[in-house]
Amino acid sequence: MYTTVKKETIEALKKIDTPSICNAIEGFNVKPKNEGFMLPEIKGVLPDLPPAVGYAVTAVICADQPEGPTVSREDWWDLIVSVPEPRFIVMHDIDNPPLGAYWGEVQSNIHKALGAVGVATDGTVRDLDEVRAIGFQFFAKEVSASHAYVRLVDIGIPVKIGGLTVKTGDLLHGDKHGVTSIPFEIADQIPQMVQTIADYEEQTISVCQSADFSIEKLKEIAKITRPY
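The opening position of the sequence shown corresponds to residue 199 in this note's numbering, with each subsequent residue numbered one higher.
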């Protein structure tokens, strides 16, 4: 039902930072360079944690109103486990501005037990110390003290978070810099492209850091074709 990549690819992607992933994607020319990633408003709240890689599971929440349409937790959990591991939760908050936090210590423990590695939300999060301790990644717009009337109002539908439209099953990568989607057709080739770009950039860095740096040497290096 869902597209997946090789386990070796997932493991390799976990060792790469998100900016390098974004650079590598650009190298394949499969999409415009100003698309495919979440805007800076979605921040890595726990920047000391390693990159998170997983298949998206989407939902919509609301915290402002005490009553309204509600999806049961059990149905949500069933959807989560229907998606291949590792899972990356993506939750759109319809409140503007965001108010109550769905995400804290309890929900993070539940979702980690269900095979999720983190969450991206345009809502709020809390219990940062406790969540950091279990290694669950938070990417969020705000931090909040209260959960207010927070509840699930829809699940499994496409959602737009930080300018990025995400569907359940999409492959996502995030770290302290932010979150990007990875096109499936190039996912297995990303690690090699990352190395190719690193080798290219190292030439410029080496010249700039050398004791005999000169602008002439910099101009010579600049003639090399960029791989991205």
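For each residue, glycine too, the CB sits at the ideal point set by N, CA and C.
Bear in mind the structure is a predicted one, so any value in this text is a computation, not a measurement.
The residue among Q390, S344, G333 and R285 with its C-alpha nearest the C-alpha of P245 is G333. By the Cβ-count criterion, C406 is exposed, with fewer than 16 other Cβ atoms from all chains shown falling within 10 Å of its own Cβ. In this structure, the straight-line span from the alpha carbon of R271 to that of H375 is close to 31 Å. DSSP places K415 inside the alpha helix (DSSP H), whose first and last residues are I413 to I419. A343 is classed as exposed because its beta carbon has fewer than 16 other beta carbons within 10 Å across all chains shown. As computed with DSSP, T207 is found in no beta bridge at all. R285 carries a strand assignment under DSSP once its states are collapsed to helix, strand and coil.
In its chain, beyond the 5 residues on either side, I240, K241, V243, W301, V317, A318, T319, D320, G321, T322 and V323 have a beta carbon closer than 8 Å to the beta carbon of A338.
A straight-line Cα-Cα distance of about 15 Å links I355 and W275. By the criterion of a C-beta distance shorter than 7 Å, V281 is surrounded in its chain by Y200, Y253, V255, T366 and G367, once the five residues flanking it on both sides are discounted. Measuring C-alpha to C-alpha distances from E206 to each of V251, K229 and H290 identifies V251 as the nearest. A direct Cα-Cα distance of roughly 7 Å separates F286 from L370.
Counting only runs of at least 4 residues, the region 220 to 276 fully encloses no alpha helix (DSSP H) element at all.
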